Structures are given as structure tokens and as C-alpha cells.
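In UniProt numbering, the protein residues as written are 1 to 428. Glycine residues also receive a C-beta, built at the ideal position from the N, C-alpha and C atoms. Since this is a predicted model, take the numbers as computed values, not measurements.
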Amino acid sequence: MSTPASPSPLSVSLRSLLPAFFLLTFPALTLLLQGGASAVSIAATLISLALLLGPRSWTGLAPLRWDQADARLCIAMACPLVAVLISELSHAKVVPNTLDSPARFLAAMPLFLVLRQALPRTLAWSDLSFALGALASLGILLIAPQYSGIGRVSSRFLNPIHFGDIALILGVLSILSLNWWRKDSLPVRILKIAGLLAGLAASVLTGSRGGWAAVPVVAVLILYIRGRGKSRLWKVLLPLAIVAIVAGVFVFSSSARDRFSDLSSDLTHYEHGQRDTSLGIRLQLYETALTIVENHPLLGLGAHGFRDSMQSFEEAGMLTPLAAQNGKGETHNQFFAYLTDYGIVGGLALLAIYVAPGVIFWRRLSAPTDPAGRAALMGLTFVVSFWIFGLTVETFDLKMTVAFYATMIAILAALATYADKVARVPPQ
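Structure below.
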């Protein structure tokens, strides 16, 4: 892998001012402004569509030539919308508000197509975006915390689980951005390391236990990819640093220790018939979801099928009243949410929005430029983390989290693949 002869300076022309500002601020705006992720992503989509459809003399974009990366990602991100429509049409019940969230995956693709043609000096404005987003997450909890009824803290408009998960992944992306576009100066390094610590601290403060399950998986992934070709000392020191950070969280945070000790307690209570614990409610809902999938495997129950079935499962004794009430809100598992409502068709569609970008990122870990290769690692880390987040919570039950995931995929995929056409390397 080679680096450009001279690093891309953080210069910006009048034409690239808007995309540069967008790349720098999107993660932070997601957490700072209610509706920020949705509003900014919709605006980005509309502007990108105008650029793609406008005259070339005005937009300055080259004619769009589709390659495999473009086609695969766009098709994958269209799958959830297609799956929802197929299921709902088969049940003769199309519910418009269920189409909004899956449509947002596809809506982010014009942004990807435009950013992929952007110059490196414009894309380089993403360099500090993740650190700023992670620092913003901690700032919100310290300056304007909102406490839930169960003693957990979050922002004014986002629940602790989603807030903690987003803060965590932004912290990880912050540290991965070290020396991304150039060798960072000392102040920039300090800022990015502070971003990691801020993201971890914000996640711990929210008590978002499910998100922490991603930490060991992501750590192994990063060690495997970044450790290739490194010295033996590096391969020893980095794992020790990761272990030290995780250990520090447990040593200095009683809430982190309590949240994990609750797992053992909840499991013991569940085995003795006390099922109305955090873990117990999830296990009840998972058992119910499996029953639904067994009985309605192909196309599920249709729009809001899981939610509307809670009363009947409670009456049958499969769910406690508290679990049934929780189930009317969410299944606490993103795959079960799609499988129960939209069947195997929906499950495969959901899998596509993880696998397709994941494959693109994996194949570009050895991209022709260092910034693109690093972006591929960041993208792969992001996808794997969100997949793990979805094992214990519905990550896409909020339009804001859908917009955040889809827009981040568009940004990171563009950063990882822009060099394909510049270097005239056939896409893999």
C-alpha cells in the first residue's frame, strides 16, 4: 500500500465547502440536535440527487459509470424496502409508516455516489469528525444529562442504549483515525485519544451493556488486521493497552461492574421462575419470536405483526404481562424484529445491509492508498459493531439510528473506494 507523495491538505474551495462541513460535523450533529441525523441525511440525499441529475457543466461531476461496488452496495441497501413491501403486499396490508425506515437505507446511496467522486482534500475533512462526535457524546451527559426512570443517563431525545452504542463506536473510530490522512500533530493525536476515552466514558455512563459485547470482537478484528507486518513488540503492547483500558473501566466504574453482575443474577432468577428481569424479558421475547418464525417462516406476520401478537401470547401464558408490554415496543433483537414481521425474506434483506458493505470494506483493506485502506478498516469495524448492537436491541426501530447507520455507511464506503477510480484499479 502506498501513500500519496504529499498529504491532502485541509483546504476547501467554495464548491466543496458544503460537503466538507457535512463530513466534519455529521456524527456530532446526530447526537447534539434532535432530528439532526434525519434532517442532515435527507438534505444530503436531495442535494446529491440534484448533483447526479444536474448538468455536468454545473455540478463538476464526471459521468456516472457504475462499477461492482456501486451496484452491490445500492442493491443491498434497497433490500429492506423491497422485503417490507413484499411481505406487506402478501398480507394485503401496506402500512406507510413501516416504509420510512427501510427507505432510508436506499436514500443514502446518492450521497455515496457523489462522495465517491470527491477529491481527497474534501474527503479529508472527515479526519476529526469521529473524535468530535465522541467528545460531544460525553459533553451532553456531563452538561445536560437526562436521567431515565431506572437511573440511567442519556440525552434529551435518545434512549440510553442507542446513545451509548453510538458514543462507543464513535470513540473506536476516533482512535482508528490516528495518522489517517497524514502523520498527526501532537494536539490532533491528543484530541483523537480523548475521543476514544470520551466515547468509552459516555457508553459506561449510559449503562449500555449490550454494546460492550462488541468491544472484544472489535479488538480482535483490529489486532488481526493492523497487526500484519508489525513488530513483535507492537503485537504485545497493543493487546495489553486494550486489556488495560477495559480493566480500567471495571476498576473505576461501579456501574459497569453492577451491570455485568446483574446478568448472573437475572439468569438465576429466570431459572427459578422470576422472569421479569432485564435479561428475563429479553429471553421471553426471543422464545416468542422463535415460535412466530417457526409458524410463519417465509413472510412473517406482516406490518407490526410482532407487536400486535403480544396480547395473544400473554393470554396463552408464554409471556408475563411486563414482557408483553415491552414486546409492544420492540423485540430487543434486530434480526428477530425483521424475521417475525417480514419472515426469512426480511431476515435476508437485513443481512444484506451488513454483509454487502462488510465485503466491500474487507476487500479494500489493501486499497491503493493508505487513507482508503484505513477507511475500510473503520467501515468494517462500524458494520461489525452495529451487527453486534442489534443482537440485544432493535438498532433500526428509530428513524434517527437508521439515518445514522445508512449515512455512515455511505461516507465510509465512499472513503474506502474513492481510490478505485483514481488509481484505475478494477473494483474487486
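Here T122 is not near G164, since their CB atoms are 9 Å or more apart. In this structure, DSSP gives Q146 an extended state, which the three-state scheme calls strand. Cβ-Cβ distances below 6 Å link L173 to F130, M378 in the same chain, with the five nearest sequence neighbours on each side left out; the list follows chain order. The Cβ neighbour count for Y147, taken over all protein chains shown within 10 Å, is under 16; the residue is labelled exposed. Listed in chain order, the alpha helix (DSSP H) runs fully inside the segment 197 to 281 are 209 to 212, 214 to 226, 232 to 252, 254 to 271, counting runs of at least 4 residues. For S154, the beta-bridge partners assigned by DSSP are Q146. With a beta-carbon spacing of about 7 Å, A324 and F313 fall inside the 8 Å limit used to define contacts.
For N326, the enclosing alpha helix (DSSP H) starts and ends at 321 to 327. Taking C-beta atoms under 8 Å as the contact rule, G390 and N326 fail to qualify, at a distance of about 17 Å. For L196, the CB contacts under 6 Å within the same chain, skipping 5 residues up- and downstream, are G171, S174, I175 in chain order. The DSSP-derived three-state label of T407 is helix.
The DSSP-derived three-state label of T59 is helix.
Relative to C79, the option among A356, E394, W362 whose CA is nearest is A356. Check the Cα spacing between A20 and each of V114, H296, V95, N295: the tightest is with V114.
Where L170 is concerned, the enclosing alpha helix (DSSP H) starts and stops at 160 to 176. In terms of Cα proximity to G329, the closest of V345, L339, D308, R152 is D308. Y418 sits buried, since 16 or more C-beta atoms from the chains shown fall within 10 Å of its C-beta. Contact annotation: the segment 389 to 403 touches the segment 91 to 107, with at least three C-beta pairs closer than 8 Å.
In the three-state reduction of the DSSP assignment, T340 falls in the helix class, which pools H, G and I. Going by C-alpha positions, A413 is about 12 Å away from Y405. Its chain contains V153, A202, L205 as the residues whose beta carbon lies nearer than 7 Å to that of L141, once the 5 sequence neighbours on both sides are disregarded; these appear in chain order.
With contacts defined by Cβ atoms closer than 9 Å, A410 and I360 do not form a contacting pair. Collapsing the DSSP output to three states places T401 in a helix. DSSP, reduced to helix, strand and coil, places T331 outside both helices and strands of the structure shown, so it counts as coil. Bounds of the alpha helix (DSSP H) holding R374 are 370 to 389.
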